[in-house]
Structure formats: structure tokens, C-alpha cells
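Chains as they are written, first to last, in our numbering: chain A, 94 to 395; chain B, 94 to 395; chain C, 94 to 395; chain D, 94 to 395.
Virtual Cβ for every residue (Gly too), placed ideally from N, Cα, C.
Predicted model, so just to flag it, every value in this text is computed and none were measured.
Take a look at the structure set out below.
Protein chains: 4
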Amino acid sequence: MPGPDEEQTHDVTQPAGPVAWPDGGRAAAFLGFDMDAEDVALTVDPESRNRLSAMSHQAYGPLTGMPRVLDLLTRHDLRATFFCPGYTAERYPDLLRRVRDEGHEIAHHGYLHEAIAGMTRQQEADVLDRGLDALERVVGVRPVGYRAPMWETTYASAELLLDRGFVYDSSLMDSDLPYELAERPGAGARSIVEIPVAWALDDWEQFAFVPDLFGPGVIEDPAKALALWTGELTEAHRHGSCFTLTIHPFLSGRLGRLRALETLIETMAGLSGLWFATGREIAEHVRSLALTPRVFPQPEIR
Amino acid sequence: MPGPDEEQTHDVTQPAGPVAWPDGGRAAAFLGFDMDAEDVALTVDPESRNRLSAMSHQAYGPLTGMPRVLDLLTRHDLRATFFCPGYTAERYPDLLRRVRDEGHEIAHHGYLHEAIAGMTRQQEADVLDRGLDALERVVGVRPVGYRAPMWETTYASAELLLDRGFVYDSSLMDSDLPYELAERPGAGARSIVEIPVAWALDDWEQFAFVPDLFGPGVIEDPAKALALWTGELTEAHRHGSCFTLTIHPFLSGRLGRLRALETLIETMAGLSGLWFATGREIAEHVRSLALTPRVFPQPEIR
Amino acid sequence: MPGPDEEQTHDVTQPAGPVAWPDGGRAAAFLGFDMDAEDVALTVDPESRNRLSAMSHQAYGPLTGMPRVLDLLTRHDLRATFFCPGYTAERYPDLLRRVRDEGHEIAHHGYLHEAIAGMTRQQEADVLDRGLDALERVVGVRPVGYRAPMWETTYASAELLLDRGFVYDSSLMDSDLPYELAERPGAGARSIVEIPVAWALDDWEQFAFVPDLFGPGVIEDPAKALALWTGELTEAHRHGSCFTLTIHPFLSGRLGRLRALETLIETMAGLSGLWFATGREIAEHVRSLALTPRVFPQPEIR
Amino acid sequence: MPGPDEEQTHDVTQPAGPVAWPDGGRAAAFLGFDMDAEDVALTVDPESRNRLSAMSHQAYGPLTGMPRVLDLLTRHDLRATFFCPGYTAERYPDLLRRVRDEGHEIAHHGYLHEAIAGMTRQQEADVLDRGLDALERVVGVRPVGYRAPMWETTYASAELLLDRGFVYDSSLMDSDLPYELAERPGAGARSIVEIPVAWALDDWEQFAFVPDLFGPGVIEDPAKALALWTGELTEAHRHGSCFTLTIHPFLSGRLGRLRALETLIETMAGLSGLWFATGREIAEHVRSLALTPRVFPQPEIR
């Protein structure tokens, strides 16, 4: 791995290549629900456990948003992926069972929605194991997919995930296409499927606000988020890309926002050759393409 | 109360159930005015008392916004709920008497709009008593409703409110429906009616800005807030929910914003079976339904 | 002056009453230009004087925005009020002379756009004198109007202004109508005319951004600001109020924003009975009405 | 150079004058791409090098956005200017070669996207040299144009740039027109062509967000940015100005945003007499006009 100002004649990383979708499909849509609840507040500030109103704001997700989300998916006969912190799973076991029993994919999203930036490799591993243990105990699920809480991964994450049998991650942002990510530069490295996310395709930046915890304090009209997402969806469809939308039920479970999401889903249904898939289905398809793994050498500063 | 990672076969809290509205009504609308004035600035920074401009900004509520709000409600023959800090009541007694004499409900909103997060139980109790004393002295009102300043409650709040004869609280955010909230887990607990609020249905996030005191610095067009609220109102009506809108006269008393609010009220009037009610009316109705109280066990972090 | 929790049977302050406009006019429009330039940045951070790009951003006002603003006013045959920090006057004397010679009002806006919150009475007086001296030396103007930098006044401001011959202030926010403001509670107090401002009627919150100096980082489309302001203008016209708009040439001198401002001015021209006036004209009219001065007792916290 | 409160009968700086465009053109459009990638994050927080997700977010620019941008320009047969940090050039040499080989201008944008505010003259010079060295080594380019990272220049920048053979800078904000900028006040000073930028004509404020690194957390719909920019473009065309738009491929390379950019380019194509030019072409044209250099005396605070 050449450093940035050593002799180097090629870019350190090549762009992700185009992906052939199954059955001659034109593009893909991946709808992922991040089931953050009390945990995401507790991680930001453990003292928030004493703030009943803030806790209730987070509980809106599992208590009110999730049943609506599940009904919506059933209404449209769709299967989606639910990224669930272990803490949420333990606190809402009946809900998790319903997600599983209705045929959706349950994937890993940390234990207490921990921001792993700054953690040691061992700490990161412990969080992964704790989340795995919770999902196994509560719903007997051994997930193949992972999305990092706060979309924060380290250069150790891929290896830690592969060691635990994960097939895909969905936390990076360098492409609109899934790809194979090498666990490290160099020969003999294993790879994990990466399905990238995007801040623009996340309801958090449009709607999230809890005083002293998160959010800039601006709350958007769902119509604005819908226009933004529909624009990206249309272009993703046109370009054969993968439209990866992240929805938080504690935010988008609100009635007006859910209506916007349903409108988006109806728009998806009208797009010819759009493959609506879970993370696992996309990952398995990508794996079948035997793509050359990509490498992200860690930047050095000199 | 099982901890989050002990054996547990049911979710710690069940979702709020659907509510049957009076007279076969389809949905409810609860318009609450938070009468924050100088107090909300003084709480954030006591030194703001030396900032005449900031004080005048807050005084816009009682001096300019409130008379317009009261006229608007009279024009539409509506009775609403006014959550009033004790400090505002003491400073603007004539205004409070007008609110009372025009048949509106006066409810509790702290004394100096105190953020109770981090307070001891005794401090929280003292604030409640101080607010009660002010409302009693100024307008002879013993309120049955409470909305926590900054929508901050603790796990002690319900018990403290019940001890003082309150019938309902309106500060939590886990549902769009009112419900009975147990004061604590376990047998023999009393319950209080909860009418949840929502940051998206609050004019603060759309309009509030005082340098060095609050607000992100973005000020929205009332048309944007109106579109957002109308969307939520329409869906609440469709789903049989309770549309709970929070208005601050020091913000929405501005002419253009008040016009938007009036348009929203006109839209409400056109929705069949929408029950426009005060917090007290909703609480009494909910109480008559004899619902099973809900419990929110406090999250533990291990 | 009764304290907030002593016996008190009337509100500490009465609302501003309706104003009869000259010649049977229906409402008033007061367009004020705050000529903040390098000073407003230097006040926030004196080290910004080494940041040439930031200084040039502020210089956009006098160099590029102001000539356009003056041309615009001439094109519509309007006279407006320019609130000018002494520092700007000293740095751009030719510009100030042009403002004066084209018949506009020049008013006081501090010396270095100082935030007077936290200043002693003497410091506040010194800033006033320094600004007066600059305006007198550069353009020979003894202003009768004052707008506090950052719209920050103290409970001493009115007296300090009256001692220096000012007739009006335009920095408070409790009303949409001008009024007489008593310099202090009690008998024998003099009064100053107050023409209130509003954060919603200020281009700063729509457009201002300089990294590490000010602005939340969101920059709005002029069409959004125009819609917001037009809505308030329409309502002000309908209610007989005073539409007081604050424009910063370093912001709204940008071409697209100036086009929006011109559209607003064209809308004003089409509103029957709308009196377009300078601050001085409004103040003199208000004075002629011999209104009862209003008092703002300073809040106490107990 | 007279100080701000000494005798002075002329403004310290005169406004930039109107510019005659080549071939009787009516106005100019200058599309500049700031090729910030990992460097802009590493500069804000060196520890971000451990955050793979954040690094991948930045890598979206060179890996995904840039190829699309280059295709777009080819599709419209346009040549644009790419301001490239040395670090990006070293990390993505193939990409830089493609930019060069497709006929675009490569210009200087720091080495690690360093904020030079607070740097000594020597430090600033070192950064310039390091960036020059990188561009020369990677693509054999000796740039004539410079845009300061974060648009931060000092009062030493012009001289340092002229010493290194630069012809133009594009980092100031006092005008919408290019001009000659004197390296210092006084006789015998050399001058550099300045092509000003504007925060409102930058995609950063509309779209940038990386937690703990930058962005207010609000992400706009591309349609809003397009409306804002189209409004400014239309006015620039009408006024004979120079429309200088700054695009970051790590942001606007997103599909929906790129579509908006293409729409804007199509609008440009329909404006008669609009000269679409690189920074170098504009600078050479301005130089040919032999304009009187402008001077920005550094503000003093007394």
C-alpha cells in the first residue's frame, strides 16, 4: 500500500462498477428500517434515562411507528430489512418476534446504538457480540447483515464482521452501488458485501429533534423529504443504481411522514424493472456476481 | 419489573390502544397554547433579564399575540387550553382573567418555565406547588391539566401530579392517542391521563429564534408550517387519532403566522366528525373509558 | 413598581394601542437598511481582521450591495432609513455622503456594531457617543433614530438615547405597532418613540453565513424569504399595522435577493393606503399622536 | 493608507467596475469544482482518518461523483475548472490525469485543504508549495489559478500567489465581478486577478453533512438549490455579471443533485450571450482589460 506522496501511479481505490440486477432488472430499491429507540438517546447521554419525555419520544418507534410500518409493508406485500440494536430487541421482544414472523430480515445495529468511533478493536468486537447475543436470545436470529450505529465503522469492522459470519455491511458512502469490500489491503483478504447508505436518503436529517440530544432543531415538511427522495429514486432507476433509503420508525412512524413513505412506495411500484429487495437478497445477488473486492487504504497525514 | 436483558417474554410497554371518541366522532383536535413569556428566557439564562430587547420579544406573547389568539378563538366559537407558567400569570393578571372569563381552560406550565431534567423530586414538587399557588392567587384556578416546560418530565412526575389532584398531563411523545399512564410499575398504582405532544406539531421548531437563548437560527415561512400541520391533521382525522397542536403566542401571534393558524382551524371545521376539545374534555372522556393504565419502566444501562 | 408576586391588579405593561396613520392611511411600511460591514465581524471576533475573505464578504455591503440598493430606491422614488455603524461611516465616507445626498435618513447603529448586552451604563454611553461622533464627522448628520446592533438594548438605553436628543429607537419586539416608550417606570419620565422590529422580518436569518462567525449554515432561496415577507406585509396592511423590514446590503445586495426585494416593493406599491415612510417620519407622526408612554418593568427572579 | 478614523475623503476601496465580456458577450458563467475528498475531513479532525464511513463519504467525490461530472461536461462539450487539493491529487492520480486529458483546467486548492486563518506567512507559503509540488508531480501541471480551502485567505495571500506565478485567485466575496487585486496598498504593487465566489452559489451550504465534522444537519432538496441558483444566474445574465458556481463532487455527484446541475447547465445554454469560461480564460480576459487594481486595507480596531 503506497502512501499518499510515495511513488504511486494508480488511484488507491477504483470506483465501484455497474451491477447487473437479477432477471434483467433495471435498478434496485433497498428499504432499511433502523429500529433505534431508547438506546440512541442513552448512548448520546446516559442521563437521558431520567428524562421520561425523551424516553417516550424514542419509544414512539417500537410502540407506535413500528406497528404502522409493518402494516404498511404487509399492505404492499413487501419484505424489508430491520436493523435492530440489541437493547431494542431485549426491551421489545414481542415486536421483534412480529418482525421475524412476518418474514422480514432482522439485521444487526449495535447493542446500545454505540458510536464506535474512537473504540478499540476489542471494544468494537464486544459490542458486536453483545448485539448478536441479544438477537439470538430474543428471536433466535443469527443476522447476516450489519449497519453501524450512526453509520460509523472503523478499518477493523469488516474483519470483525467476517469473523462472525456476516455477509454484508451497510454503512459506507462512497457509491450508490453495492460492491465487495476487502477486509484489508493485500493478498488473501476476505471480502464482505457493502450496500452503501447516504445522508440524503435518511429521514434523520429531515425530522430528528430532541433538545440537548440530537437534531439541528429544524423539522421539515414530509412533502419536502418526499420530493428529495423521489428525485433520487427516479435518477437511481434511470442509472441502474441501488436506491437505499433509511427510515427510523421513531421519526417516520408519525402519520404524515408515513403517508409520504407510502406515496414513495407507490411510486416505486410504478417503476418498471425496479427490484425491491432486502439487504440479504442484494448481498446474495452481489456475491453471486463474483466481483473483484475493493480496498480502502487508510489515509495517512504527513 | 424485569431488566432489559433478563428473561422477559412481553414488551415492557404495550402500545396505546385506539380510542372511541364521543358521539361517534372520528378523531379529536386539541389546541394548546403554551403561554411562555419572559420566563422561558429567564430560565435559559437569568442574565437575560438585563436584555430589554429579548424581554420585549418574549412579551410579544402576552401583549400582542394573546389578544389576537383570544379574538381568533371567539371568532370561531372555540374553547382551548392555555398552559401558563406561574410567572406569566403573576406578570399579566388581567390577561389571565380574560382567558378564564372567556371560558378557556387554564392549565399548569411550571412556575418560571423550569426545565426539570436533573431536578430532585423535592425541587420538582416545589416548582409544581409554586405554579399552583400563582394560578390560584391570580385567577382562582386549580388546574387539572399539566404540560411540563420544555416537555421535560421525570419518572416522579405522574405521582407528584396525582398527589396534587391533576387529572391529565400533556408532555409525553410515544403515541398520537391519549391513554392512562400508571404513576409507577406494579399493583395499586394510580394513573393519570396522558395526551401526548409532538415536536412536529409545535410552532417552536418552525419559528423560535432569540440569539444566545434558543432556536437554530432558521425561521420558516408560515406556509411551510401550515402544510406540515395540515398533512398531519388530515392523517390524524383519517386514522381516528388526536391532533395535538402546540402554539406559543410569542411566536405564532405574529400576523402572518396567525393567519396560517386560522386557515388550519378553518380546515378543521371542514373535517366531518372532528371533535375540537380542551385538554380537560379529552381527559374526562378518556377517564370514562376505563382504559388499562400503561407503564414505562425506566431504562437501565448495563 | 410592584414585583411579580406582590399584590398587583393590572398587568405590568399594557399592549401598544392601534395607531391612526396620516391622511387616513391604512398601514405603514418602514424599510430599514442595517449597514453592517466589516464591523459586525470584527465585533464577533477581532481576529477576523486577518481573514481577508471574511472581510471581503462584509465589504460586499458597502461596495456592491449599497449602490444597487440606492439605485433601486431611486428607481421607485423611495426614501428609506440607513442604520449605519460609525466604523462603516468612517471606512466608506463617499458612500455615506451619497446616502445623505439622495435624501435618505441616516440613523445610529453603534460604532463597531457592539453587542451591548453585559455592558455597563458608561460603556453603553461611550459607544453611543462614539457612533454619534463618527456620523457627525463623516456626513455632518446628528441622527434622531437608533437601532441597537444585534437588536440588543438595556433598561438604560432609552434614557441614554433621550439624553442625546434621539427621537426614536427601533430595537424592541413586543408589538407590530410603534408606541411611546417611557425611559423608566414612575412619574416624570420622558419617552422615546419605539418602532419595533421582528426576527422574521430580517434578511439575516434567511441568508447570513460566515464560517466561525455567524449563521446556522442554511442559506435560503430568496423566493422563500419573499413569500414569508409578502405574507406578513399583506396581513400588516389588513390589520393597520407597521411592516418593518430589515435589510442588510452585505446580504440582500446579492442580485437574486435584490430582485426579491424589488418584487416586494412592487407589491407594496399596489397596496392601497400603505404609507411608505422613514423611521423619522413615523416617529414624528407617532409623537404628534401624544400617546401614553408604555413601561417595561424589568423582570425579577425570586 | 489612512486609518479608519483619520482624515479621509474617499472610501478605502472603490467598488469593482463593470467588465466588458469577450465578443460582445452579455455575462459570464464560471463553473468551478472543488475536489475536496478525504483531506477536508482530515483537516477538520485528523482523527477522522480512523472513521472509515466518514472517509468513504469523502471518497464519494473522486470515486463516484467525479466520473459523472466529467461525463456531464463532455456531454455538453464544456470545459471547466477543477480546484484540487494536493492530497486528493496524490491519492487519485488516474482521476487527475483524466481531468487534464479531457481538457479541463486544474487549479490549486491547498494541500490538505488547510484552513489558513491563523497561519503565519511561512506556513501559508509552505502549504502553497506543497500543493504546487503535488500537482506538478502527479499531472505535470503548474496551475495559474488558486482557490483557498474554506475560502480563507490572508492579507499575505496575493503576494505569495504572485511570487509563485499565479494569475488569478477565486476566494473573495466583495463583488460579483472579476477585478484586479493589488497585492498590497501603495505604489509598485503587483496585482492578481480575483474572480469572487459566494456562499449562496456553493453546494456545501445546501447539502454538506458529516456528523461531528461539518454541516448544520439540514439537507436540502436539489430542487431548492436549483431554484436559488437559477434565480441568481438569471439576474447575473441580466446585469452582465459573472455567475460563479462552486460544486463539490463529493456532494453534488449524487444522482439527484447532478440532475439539478445538468438542468442548470441547460438553462445556461439557453441564455444569449452567456460566456461559459474557465477561471483561466476569465483571468486572461480580465488581464487584457488593464483594469486599475483595487486595494483592501486591513481593518484596524481602536
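Distance between beta carbons of A:Pro309 and B:Pro406, contact taken as under 8 Å: This structure does not reach residue 406 of chain B, given that chain B is present from 94 up to 395, and the question cannot be answered.
Closer than 9 Å at the beta carbon, the chain D residues around C:Ile199: The premise fails here: C:Ile199 is roughly 16 Å from chain D at the closest Cβ pair, so nothing lies under 9 Å.
Of the residues B:Leu382, B:Ala147 and B:Arg184, the one placed nearest C:Thr102, counting alpha carbons only: If you compare the alpha carbons of B:Leu382, B:Ala147 and B:Arg184 with that of C:Thr102, the shortest gap goes to B:Arg184.
Selection from D:Arg191, D:Pro278, D:Phe369 and D:Met128 that minimises the alpha carbon distance to D:Val232: From the listed residues D:Arg191, D:Pro278, D:Phe369 and D:Met128, the smallest Cα separation to D:Val232 is found for D:Arg191.
The segment 150 to 157 of chain B in contact with the segment 100 to 120 of chain C per 3-pair CB rule at 8 Å: Contact between the segment 150 to 157 of chain B and the segment 100 to 120 of chain C is established, with three or more Cβ pairs separated by less than 8 Å.
Where C:Leu124 falls, given that 16 or more other Cβ within 10 Å makes a residue buried: When all chains shown are included, C:Leu124 counts as buried.
Nearest-angstrom Cβ-Cβ length linking B:Val388 and B:Ala275, presumed shorter than 8 Å: With a Cβ gap of about 5 Å, B:Val388 and B:Ala275 count as contacting.
Buried or exposed by the 16-neighbour rule on C-beta atoms within 10 Å, applied to D:Glu198: Buried: at least 16 other Cβ atoms inside 10 Å.
Beta-carbon proximity list for A:Pro111, same chain, < 8 Å, skipping 5 on both sides: Leu270 and Gly333.
Chain B contact for A:Ala218 (CB, 8 Å cutoff): Not closer than 8 Å to any Cβ of chain B, the Cβ of A:Ala218 fails to qualify, so no.
When C:Gly117, C:Arg172 and C:Thr360 are compared against C:Ala320, the one with the closest alpha-carbon: Closest option to C:Ala320, Cα to Cα, is C:Thr360.
Cβ pair count under 8 Å reaching 3, the segment 224 to 244 of chain A against the segment 169 to 181 of chain A: With contact defined as three or more Cβ pairs closer than 8 Å, the segment 224 to 244 of chain A and the segment 169 to 181 of chain A are in contact.
Counterpart residues of C:Thr337 in DSSP-defined beta bridges: According to DSSP, which records beta bridges pairwise, C:Thr337 is partnered with C:Phe123.
Nearest neighbour of C:Arg235, chosen from C:Phe259, C:Asp295 and C:Leu163 [CA to CA]: Looking only at C:Phe259, C:Asp295 and C:Leu163, the smallest Cα-Cα distance to C:Arg235 is reached by C:Phe259.
Start and end residues, beta strand (DSSP E) containing B:Ser284: Segment Ser284 to Glu287, the beta strand (DSSP E) holding B:Ser284.
B:Arg352 classed as buried or exposed, judged by whether at least 16 other C-beta atoms fall within 10 angstroms: When all chains shown are included, B:Arg352 counts as buried.
D:Tyr153, enclosing alpha helix (DSSP H) - first and last residue: Note, D:Tyr153: alpha helix (DSSP H), Leu145 to Tyr153.
Rounded distance between the beta-carbons of B:Ala121 and B:Ala376, thought under 8 Å: That belief does not hold up - the Cβ atoms of B:Ala376 and B:Ala121 are roughly 11 Å apart, past 8 Å.
Reduced DSSP category for D:Ile209 - H, G, I as helix; E, B as strand; rest coil: If DSSP states are grouped into helix, strand and coil, D:Ile209 belongs with coil.
Proximal residues of chain D, C-beta to C-beta of A:Trp464 below 7 Å: Shown here, chain A extends from 94 to 395; a query on residue 464 of chain A therefore has no answer.
Exposure of A:Ala329, with buried meaning 16 or more beta-carbon neighbours within 10 Å: By the C-beta density criterion, A:Ala329 is buried, having at least 16 other C-beta atoms within 10 angstroms.
Chain B residues whose Cβ lies nearer than 8 Å to that of A:Arg214: Simply none; closest approach about 22 Å.
Cross-chain neighbours of B:Pro108 in chain A, by beta carbon under 8 Å: When 8 Å is used as the limit between beta carbons, B:Pro108 is near these residues of chain A: Leu156, Thr157 and Pro160, in chain order.
Proximal residues of chain D, C-beta to C-beta of A:His332 below 8 Å: What A:His332 touches in chain D: Leu348.
C:Tyr239 CB to nearest heavy atom of the ligand FMN below 7 Å: The ligand FMN is absent from the structure shown, which contains no ligand whatsoever.
Beta carbon of B:Gly372 nearer than 8 Å to that of B:Ala200: Contact flag set, yes.
Burial state of C:Ala291, where buried means 16 or more other Cβ atoms lie within 10 Å: Flag for C:Ala291 reads buried.
Of the listed residues D:Phe300, D:Tyr248, D:Gln215 and D:Phe175, nearest to D:Tyr239 (C-alpha basis): Of the candidates D:Phe300, D:Tyr248, D:Gln215 and D:Phe175, the one whose C-alpha sits nearest the C-alpha of D:Tyr239 is D:Phe175.
Delimiting residues of the beta strand (DSSP E) encompassing C:Thr174: Element bounds for C:Thr174: Thr174 to Cys177.
Residue closest to B:Ala208, alpha-carbon to alpha-carbon, out of B:Pro160, B:Asp194 and B:Asp138: When B:Pro160, B:Asp194 and B:Asp138 are compared, the shortest CA-CA separation from B:Ala208 is found for B:Asp138.
8 Å Cβ cutoff met for D:Trp244 and C:Ser146: For D:Trp244 and C:Ser146, yes; Cβs fall inside 8 Å.
Selection of the segment 374 to 395 of chain B by Cβ proximity to chain G, strictly under 7 Å: This model lacks chain G altogether, as its protein chains are A, B, C and D.
Complete runs of the beta strand (DSSP E) confined to the segment 228 to 287 of chain D [at least 3 residues]: Taking only runs of at least 3 residues, the beta strand (DSSP E) segments lying wholly in the segment 228 to 287 of chain D are 272 to 275 and 284 to 287.
Host alpha helix (DSSP H) of C:His330 (start-end): That run of the alpha helix (DSSP H) goes Pro315 to His332.
Pick from A:Thr213, A:Pro186 and A:Phe336 that is closest to A:Glu229, judged by C-alpha positions: It is A:Pro186.
Close-in-space but distant-in-sequence residues of the same chain around B:Ala301 (CB under 7 Å, 5 per side omitted): The beta carbon of B:Ala301 sits closer than 7 Å to the beta carbons of Phe307, Gly308 and Leu344 from its chain, once the five residues preceding and following it are set aside; these are given in chain order.
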